[in-house]
Amino acid sequence: MSNVELGLPALPARPYPEEVHARLAADAAELIGRYPVARSALLPLLHLVQAEEGFVSATGIRFCAEQLDLTTAEVTAVATFYTMYRRRPAGKYHLGVCTNTLCAVLGGDQIFDELQQHLGIRNNETTEDGEISIEHIECNAACDYAPVVMVNWEFFDNQTPESARQLVDDLRAGEEVRPTRGARLCSFKESARILAGFADERAGVVDESGAGGAPSLAGLRLAKGEALPGTAGTKVVSPRHEGTRSDGTRNDGTHRDGTGHEGTEA
Ligand code: FES
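Take a look at the structure:
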């Protein structure tokens, strides 16, 4: 595809300053070296330039194109397709308010409206002090904790308009703010560098990453036949596993092994 001449003018983008370019080129070489085909490293490289400037600028697009022997049109097409690549500078703390279906009906829409009023900014804008940017985002696969707000991609669960306002006030005041689960916060640029594929240097981050919480595992536990608080008498109906006990053994004495083969208890 890179051999096709579209006759498009080059983006009016200046290159990075020499020192920045040299540093990013070394990082890019490390990322590109992880793939058999250089262009496969485009997504990490876009995170890399986002880590430098807080968004994917025209200069960042030019850099990626040069490193991967792509056209700036090709890089732009990818950068504008994925919503995690920002086209305007993010704040130090980038808030993503989920306004997808479940979060929306449980208060996400109201949280997003009230945060915009509270901060005096609109979707995809940044406060004048550069601390907070806000964006409404699609489902974060955290519906069991709805409504959810993310700060630099870390979860703040079960939010209300009041708790979300307190959250941004604390962030702007420099208070220590801890996500409901997962690793402690870092800046948006630092999170972009981690997403590019570089080591997460935060102390204790692996232990803090945690595992599935109780709401996430509730369905699994019910399916296994476990009783959960407040679910007395709940019966899980499954056409394929009707009458199956928690150890996989059926009430009629047959069982399914791990490969799906059926047998009879001795
Ligand atoms: S709808 Fe908000 S996390 Fe799924």
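For the sequence shown, the working numbering gives the first residue as 460, with consecutive numbering after it. From the three backbone atoms N, C-alpha and C, an ideal C-beta is built for every residue, glycine too.
Beta-carbon proximity list for residue i, same chain, < 7 Å, skipping 5 on both sides
{"i": "alanine 510", "result": "Lys648, Ala651, Arg652 and Ala655"}
{"i": "glutamate 667", "result": "Gly641, Ala642 and Arg643"}
{"i": "glycine 589", "result": "Gly550 and Lys551"}
{"i": "histidine 595", "result": "Val556, Thr558, Phe571 and Asn582"}
{"i": "alanine 447", "result": "Residue 447 lies beyond the stretch modelled for the chain, which goes from 460 to 725, so this question has no answer here."}
{"i": "asparagine 599", "result": "Cys557, Val607 and Met609"}
{"i": "alanine 538", "result": "Leu505, Val515, Ile520 and Tyr544"}
Cβ shell of residue i (< 6 Å), same chain only, five flanking positions each side left out
{"i": "glycine 728", "result": "Nothing can be reported for residue 728: it is not among the residues displayed for the chain, which extend from 460 to 725."}
{"i": "arginine 545", "result": "Phe514"}
{"i": "histidine 506", "result": "Ala651, Leu654 and Ala655"}
{"i": "histidine 720", "result": "At histidine 720, the pLDDT of 48 sits below 50, so the modelled position is not reliable and the matter cannot be decided from this model."}
{"i": "valine 664", "result": "Ala642"}
According to DSSP, residues forming a beta bridge with residue i
{"i": "tyrosine 552", "result": "Ile591"}
{"i": "cysteine 557", "result": "Ile596"}
Residue closest to residue i, alpha-carbon to alpha-carbon, out of the options
{"i": "leucine 434", "options": "Arg482, Thr542 and Glu477", "result": "Here the chain covers residues 460 to 725 and nothing more, so residue 434 does not appear."}
{"i": "phenylalanine 657", "options": "Asp629, Arg493, His553 and Glu512", "result": "Arg493"}
{"i": "alanine 673", "options": "Pro471, Thr639 and Trp612", "result": "Thr639"}
{"i": "isoleucine 593", "options": "Ala601, Glu573, Tyr604 and Ala600", "result": "Glu573"}
{"i": "proline 548", "options": "Ala563, Arg482 and Ser646", "result": "Ser646"}
{"i": "phenylalanine 522", "options": "Leu483, Thr560 and Asn617", "result": "Leu483"}
{"i": "leucine 565", "options": "Cys602, His553 and Gly579", "result": "Cys602"}
{"i": "alanine 632", "options": "Gln569, Pro495, Ile591 and Phe615", "result": "Ile591"}
{"i": "proline 471", "options": "Ala517, Glu489 and Pro495", "result": "Ala517"}
{"i": "leucine 554", "options": "Pro495, Leu578 and Val537", "result": "Leu578"}
{"i": "valine 627", "options": "Gln575, Thr531, Ala691 and Arg473", "result": "Gln575"}
{"i": "glycine 567", "options": "Gln618, Phe614, Ala536 and Glu584", "result": "Gln618"}
Contacting residues, own chain, Cβ-Cβ under 8 Å from residue i (five flanking each side not counted)
{"i": "isoleucine 491", "result": "Ala497, Ala500, Leu504, Gln526 and Leu527"}
{"i": "valine 479", "result": "Glu511"}
{"i": "aspartate 486", "result": "Leu507, Ala655 and Phe657"}
{"i": "proline 680", "result": "For the sequence presented, residue 680 should be read as arginine rather than proline. Same-chain partners within the cutoff: Leu687."}
{"i": "threonine 586", "result": "Gly550, Leu578, Gly579, Ile580, Ser592 and Arg631"}
Residue i: CB within 7 Å of a non-hydrogen atom of ligand 2
{"i": "aspartate 603", "result": "Ligands in the displayed structure: ligand 1; ligand 2 is not one of them."}
Could I get the ranges of all uninterrupted alpha helix (DSSP H) runs contained in the region 586-642, with 4 residues as the minimum, in chain order?
Correct list: 620-631.
Ranges of the alpha helix (DSSP H) found wholly within the region 495-545, counting only runs of at least 4:
Counting only runs of 4 or more, we get 501-512, 517-527 and 531-538.
At what residue ranges does the region 648-688 contain a whole run of the alpha helix (DSSP H), taking only runs of 4 or more?
If we require 4 residues or more, the alpha helix (DSSP H) runs fully inside the region 648-688 come out as 664-668 and 673-682.
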